[in-house]
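Here the structure comes first, spelled out in structure tokens, and everything after it is commentary.
2 protein chains.
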Amino acid sequence: MFESALIEHKFDKEAYEREEPALRTGLLEAQLELVEKQSFAAVIVITGMDGAGKGDVIHRLLEWLDPRHVQVDAYGDPDDTESSRPRMWRYWRDLPPKGRISIVFGSWYTDPLKSRLRGDNGRSRFERELAAINRFEEMLTSEGILLLKFLLVVSPEEQKRRLGAFERRTGVKSRALEEWADVKSRKRIRPIVEDLVRRTSTDHAPWIVLPSDDPEYRDLTFGRTILEALRQRLEQPTVLATAPFPATIPNIDRRTVLDTLDLSRKLPSNAYKKALEEAQARLLALSQGKRFQDRALVAAFEGHDAAGKGGAIRRVAFALDPRRYRVHPIAAPTDEEKARPYLWRFWRHVPRRGHMALFDRSWYGRVLVERVEGFASEAEWLRAYGEINDFEEELTRGGIVVAKFWLAITKEEQLRRFEAREEIAYKHYKITPEDWRNREKWDRYQLAIGDMIDRTSTPEAPWTLVEAEDKRWARVKVLETICERLEQAL
Amino acid sequence: MFESALIEHKFDKEAYEREEPALRTGLLEAQLELVEKQSFAAVIVITGMDGAGKGDVIHRLLEWLDPRHVQVDAYGDPDDTESSRPRMWRYWRDLPPKGRISIVFGSWYTDPLKSRLRGDNGRSRFERELAAINRFEEMLTSEGILLLKFLLVVSPEEQKRRLGAFERRTGVKSRALEEWADVKSRKRIRPIVEDLVRRTSTDHAPWIVLPSDDPEYRDLTFGRTILEALRQRLEQPTVLATAPFPATIPNIDRRTVLDTLDLSRKLPSNAYKKALEEAQARLLALSQGKRFQDRALVAAFEGHDAAGKGGAIRRVAFALDPRRYRVHPIAAPTDEEKARPYLWRFWRHVPRRGHMALFDRSWYGRVLVERVEGFASEAEWLRAYGEINDFEEELTRGGIVVAKFWLAITKEEQLRRFEAREEIAYKHYKITPEDWRNREKWDRYQLAIGDMIDRTSTPEAPWTLVEAEDKRWARVKVLETICERLEQAL
Numbered sequence: 001m002f003e004s005a006l007i008e009h010k011f012d013k014e015a016y017e018r019e020e021p022a023l024r025t026g027l028l029e030a031q032l033e034l035v036e037k038q039s040f041a042a043v044i045v046i047t048g049m050d051g052a053g054k055g056d057v058i059h060r061l062l063e064w065l066d067p068r069h070v071q072v073d074a075y076g077d078p079d080d081t082e083s084s085r086p087r088m089w090r091y092w093r094d095l096p097p098k099g100r101i102s103i104v105f106g107s108w109y110t111d112p113l114k115s116r117l118r119g120d121n122g123r124s125r126f127e128r129e130l131a132a133i134n135r136f137e138e139m140l141t142s143e144g145i146l147l148l149k150f151l152l153v154v155s156p157e158e159q160k161r162r163l164g165a166f167e168r169r170t171g172v173k174s175r176a177l178e179e180w181a182d183v184k185s186r187k188r189i190r191p192i193v194e195d196l197v198r199r200t201s202t203d204h205a206p207w208i209v210l211p212s213d214d215p216e217y218r219d220l221t222f223g224r225t226i227l228e229a230l231r232q233r234l235e236q237p238t239v240l241a242t243a244p245f246p247a248t249i250p251n252i253d254r255r256t257v258l259d260t261l262d263l264s265r266k267l268p269s270n271a272y273k274k275a276l277e278e279a280q281a282r283l284l285a286l287s288q289g290k291r292f293q294d295r296a297l298v299a300a301f302e303g304h305d306a307a308g309k310g311g312a313i314r315r316v317a318f319a320l321d322p323r324r325y326r327v328h329p330i331a332a333p334t335d336e337e338k339a340r341p342y343l344w345r346f347w348r349h350v351p352r353r354g355h356m357a358l359f360d361r362s363w364y365g366r367v368l369v370e371r372v373e374g375f376a377s378e379a380e381w382l383r384a385y386g387e388i389n390d391f392e393e394e395l396t397r398g399g400i401v402v403a404k405f406w407l408a409i410t411k412e413e414q415l416r417r418f419e420a421r422e423e424i425a426y427k428h429y430k431i432t433p434e435d436w437r438n439r440e441k442w443d444r445y446q447l448a449i450g451d452m453i454d455r456t457s458t459p460e461a462p463w464t465l466v467e468a469e470d471k472r473w474a475r476v477k478v479l480e481t482i483c484e485r486l487e488q489a490l
Numbered sequence: 001m002f003e004s005a006l007i008e009h010k011f012d013k014e015a016y017e018r019e020e021p022a023l024r025t026g027l028l029e030a031q032l033e034l035v036e037k038q039s040f041a042a043v044i045v046i047t048g049m050d051g052a053g054k055g056d057v058i059h060r061l062l063e064w065l066d067p068r069h070v071q072v073d074a075y076g077d078p079d080d081t082e083s084s085r086p087r088m089w090r091y092w093r094d095l096p097p098k099g100r101i102s103i104v105f106g107s108w109y110t111d112p113l114k115s116r117l118r119g120d121n122g123r124s125r126f127e128r129e130l131a132a133i134n135r136f137e138e139m140l141t142s143e144g145i146l147l148l149k150f151l152l153v154v155s156p157e158e159q160k161r162r163l164g165a166f167e168r169r170t171g172v173k174s175r176a177l178e179e180w181a182d183v184k185s186r187k188r189i190r191p192i193v194e195d196l197v198r199r200t201s202t203d204h205a206p207w208i209v210l211p212s213d214d215p216e217y218r219d220l221t222f223g224r225t226i227l228e229a230l231r232q233r234l235e236q237p238t239v240l241a242t243a244p245f246p247a248t249i250p251n252i253d254r255r256t257v258l259d260t261l262d263l264s265r266k267l268p269s270n271a272y273k274k275a276l277e278e279a280q281a282r283l284l285a286l287s288q289g290k291r292f293q294d295r296a297l298v299a300a301f302e303g304h305d306a307a308g309k310g311g312a313i314r315r316v317a318f319a320l321d322p323r324r325y326r327v328h329p330i331a332a333p334t335d336e337e338k339a340r341p342y343l344w345r346f347w348r349h350v351p352r353r354g355h356m357a358l359f360d361r362s363w364y365g366r367v368l369v370e371r372v373e374g375f376a377s378e379a380e381w382l383r384a385y386g387e388i389n390d391f392e393e394e395l396t397r398g399g400i401v402v403a404k405f406w407l408a409i410t411k412e413e414q415l416r417r418f419e420a421r422e423e424i425a426y427k428h429y430k431i432t433p434e435d436w437r438n439r440e441k442w443d444r445y446q447l448a449i450g451d452m453i454d455r456t457s458t459p460e461a462p463w464t465l466v467e468a469e470d471k472r473w474a475r476v477k478v479l480e481t482i483c484e485r486l487e488q489a490l
């Protein structure tokens, strides 16, 4: 990958002085247009060999741009906040909103590369992790982010010279901050890095290999590449591919797995009280236990309006130490959330170890309401199944137990509950004209729910279908399921 | 994945009799429109559990369609022709041209699944192979193929009943032709199959899970799904995404690895004769040797017009047993080739074990002439780097040695050779007005060549840059390199 970059490239210093002002003006103009239009976010990954000048190009770029709309995200060893959550959490946390540019230093490539170099990671596992990175980056770019990945390379001679000069100047031996290629292990490292670069040079996010022996050449190339990319995207927004295949499989009888539930299941009042108390005590013990402190729980509650999601969540929450859980009601996304890829708003609520997050509606909105209402394009919700599976797999790998509940009621029961809400004063606010309109789309929702369950019920994060016609039955089933999932995991 | 498919789905027999004629007419009309327009090819993969009726749905489809424009490709254990080539070769061989429908029975999924079930394949390797399948299918669909993948599922009770009836009728015990799920091992197999289906249900080629307990339900769903997919593609051709990022990295000094070659290298006549004869003898011995009989060679020759590709190939061929090699001059694609994904024309020439294929120009045309002349869109040639790396990796895994030569000459030397050709009568045909026009694009070619070498020189299939200003030097270097590569591999 480095063939052309490692030959001599020079740019005359005086010519550089002449060219630089135009580049600077161009970058600033492009950035201001981006800030004004807020049409996309740009993520610039900077990585490369020791002594190639990663810090220098970042300084240069910050000099050129308006610093109020740029952020630098540097990642070293994870701190406490970070290490108590899944690996990818910190990268998600820092994703810039539309209109903003982020410079990423020490990226999601570091982990797989380090493990591979240490030999913890066989070739198969390495390739699998790179495939996951490709899916992640494809998701970012599909969501409209401009992703530029720079790899700075420097010849062995120049590298040695620079690191020596650094040591003489500071008395500090250069430490390989990133394992991309330090001087001594260069020979062993290079083929692995080249393999990584090749496998993650995709059409949506190719690596840009930057020859860095000559600082003027390096900086001018760096700046011009960014300028050209910004300009191209500002002038010509990406055209998303239409899905090549009809998403809706003709489901002739419109029967889904929901139709197999026995919604007549009930729990009498006495039995309910006893079962509820038992399950709550069990959950409290589990969540306070030593073993849970290394794990976490994410529970998603989905169901039609008035299916009893809130009531079930309250019964779960009641059993827990309030410092250890948080309930996240998911309504329309905020401006901040709209400015980022759709999974960002859920990543930000991923709990740290020993904690629980209860979602009243969840990321499944993408394949339910957004699909049915047409808020998401067919291509968007079709690829969401895979993205959601990746998301939950990442949570599971980070030690988090993922529980997902579909609270099922009949259309008739929903009507009864709506009418009851309209009569009871303090429940009146819970019912809106939109709730009535949604009833008309009941059948289309059933198909979407069926597809969702089929495509996202994984062994690690299975769906639990809850017969919710009787609220008592539903609440106990939810609590007991969470207890069982935790017991299995701990 | 099978939740909704495994519940009861029924379609009344009489209703089926009423609905079927319309479906049949619709399918036939859609097919004839496809044959006429030749706008795309359709590949229908049929797989699923034993006794689910895979054969039945194929028969039904053949009944419905005009059989002259349909082919059934069934793959069992590879025969001699197939097993002497890389795994994917037979699937490429049979890819239908535009306007045609192929039904694939026993697909590229069988191998990874079998190895996984046998336990030969760890989870990491399994996932890596599925990632390779996803890239393969994405390539097919990006190239315009409509890919439909059906998985037929049947409940345990119905499966048992059908296989029992089959045995009573024929006296033959049903043999698990495909390992997707037979009766006995169902429990063990199902989670693995579900994992496979989930990981390869992409937005460009999602799996379609077909409930098959009720034959009428199954057949009607099957037919309607195909009909809808055909119609949608006929009415609305896929819009390809524009590349989200400018492909051309500003290469300020336009220097590439080509500029580092010492083109003054020469070989005097005497030394040439001796070196040539030695290398030819060495190559003959290698190619006749026992060890080569399990391997094969693919050599690609690229270079500017008049760089001496033909001459070098002749010197290589001269050393070989004519029954063991074939030279493939690559000019404009034929109609047959244009009707299929661009790599098909090279896959068809992949040699069997013990044989050699010499390509005079190659698959690199995609990122050279097609890029420079604009015959391929930016998105197309950008993704081609990864596709080509995948292609060569597949060859290498199949035991084939891949050698790639760039024959480098200066623009001035090209001019001298052009002028000489115009003077020598029997070489006159070798020079056309287009050759002169291409000279004007010399600089753009140099950049494309540099990118090509950077992005496709892998450890398994490295580029060899040949200083070709002196033809004798070039020929000897080519021969010696092939010998070295073979010696390393054998």
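Chains as they are written, first to last, in full-length UniProt numbering: chain A, 1 to 490; chain B, 1 to 490. Cβ atoms here follow ideal geometry from the backbone N, Cα and C, with glycine treated the same way.
Residue i (DSSP reduced to helix, strand or coil)
i	result
A332 (chain B)	coil
L395 (chain B)	helix
V327 (chain A)	strand
P211 (chain A)	strand
E235 (chain A)	helix
L177 (chain A)	A caution first: L177 (chain A) carries a pLDDT of 48, below 50, which makes its placement in the model unreliable, though a value can still be read off. L177 (chain A) falls in the coil class under three-state DSSP.
P246 (chain A)	Only weak support exists for where P246 (chain A) lies, its pLDDT of 49 falling under 50; the coordinates are left without a value.
K98 (chain A)	coil
D435 (chain B)	helix
G303 (chain B)	strand
D262 (chain A)	coil
L283 (chain B)	helix
F346 (chain B)	helix
K10 (chain A)	coil
I103 (chain B)	strand
With 16 other Cβ atoms within 10 Å as the buried cut-off, status of residue i
i	result
A243 (chain B)	With a pLDDT of only 49 at A243 (chain B), under the threshold of 50, the placement of this residue in the model should not be trusted; the figure read from the coordinates follows. A243 (chain B) is buried by the Cβ-count criterion.
N270 (chain A)	exposed
A420 (chain B)	exposed
Y426 (chain B)	exposed
V476 (chain B)	buried
L486 (chain A)	buried
A285 (chain B)	exposed
is_contact[residue i, chain E] using C-beta, thresh 8 angstroms
i	result
M1 (chain A)	Note that chain E does not occur in the displayed structure, where the protein chains are A and B.
Can you confirm whether the stretch 297 to 306 of chain A touches the stretch 395 to 414 of chain A when touching is taken to mean that 3 or more C-beta pairs between the two stretches lie within less than 8 angstroms? Touching, yes.
In chain order, what are the residue ranges of uninterrupted alpha helix (DSSP H) at least 4 long that sit wholly in the stretch 23 to 71 of chain A? 54 to 64
At a cut of 8 angstroms, does the stretch 401 to 418 of chain B reach the stretch 468 to 478 of chain B through at least three beta carbon pairs? yes
Looking at chain A, which residues of the stretch 429 to 463 of chain B have a Cβ within less than 7 angstroms of any of its Cβ atoms? G450, I453, D454, R455, S457, T458, P459
Pairing CB atoms from the stretch 219 to 236 of chain B with CB atoms from the stretch 155 to 170 of chain B, are three or more of them under 8 angstroms? no
Do three or more CB pairs link the stretch 59 to 68 of chain A to the stretch 108 to 122 of chain A at distances below 8 angstroms? The stretch 59 to 68 of chain A, when compared against the stretch 108 to 122 of chain A, does not touch it at the 8 angstroms Cβ threshold.
Beta carbons nearer than 8 angstroms to chain A: which residues of the stretch 200 to 220 of chain B have them? Listed by position along the chain: S201, T202, D203, H204, A205, P206, I208, V209, Y217, L220.
Using 8 angstroms as the cut-off, can you tell me whether the stretch 187 to 197 of chain A makes contact with the stretch 29 to 42 of chain A, which would need three or more C-beta pairs spanning the two stretches below that distance? no
When the Cβ atoms of the stretch 197 to 216 of chain A are set against those of the stretch 375 to 394 of chain B, are three or more pairs found closer than 8 angstroms? With a cut-off of 8 angstroms, the stretch 375 to 394 of chain B and the stretch 197 to 216 of chain A count as touching, because enough Cβ pairs lie within range.
Give me the subset of the stretch 252 to 278 of chain B whose CB atoms are less than 9 angstroms from a CB atom of chain A, sorted by chain position. I252, D253, R255, T256, V257, L258, D259, T260
Taking any Cβ of chain B, which residues in the stretch 356 to 388 of chain A have a Cβ under 8 angstroms from it, in chain order? Within the stretch 356 to 388 of chain A, those residues whose Cβ lies closer than 8 angstroms to any Cβ of chain B are, in chain order, A379, L382, R383, Y385, G386.
If you measure beta-carbon to beta-carbon, which residues of the stretch 101 to 124 of chain A are closer than 8 angstroms to chain B? G122, S124
Inter-stretch contact (C-beta, 8 angstroms, three-pair minimum) for the stretch 321 to 336 of chain A and the stretch 429 to 442 of chain A: Touching, no, given that fewer than three Cβ pairs across the two stretches are closer than 8 angstroms.
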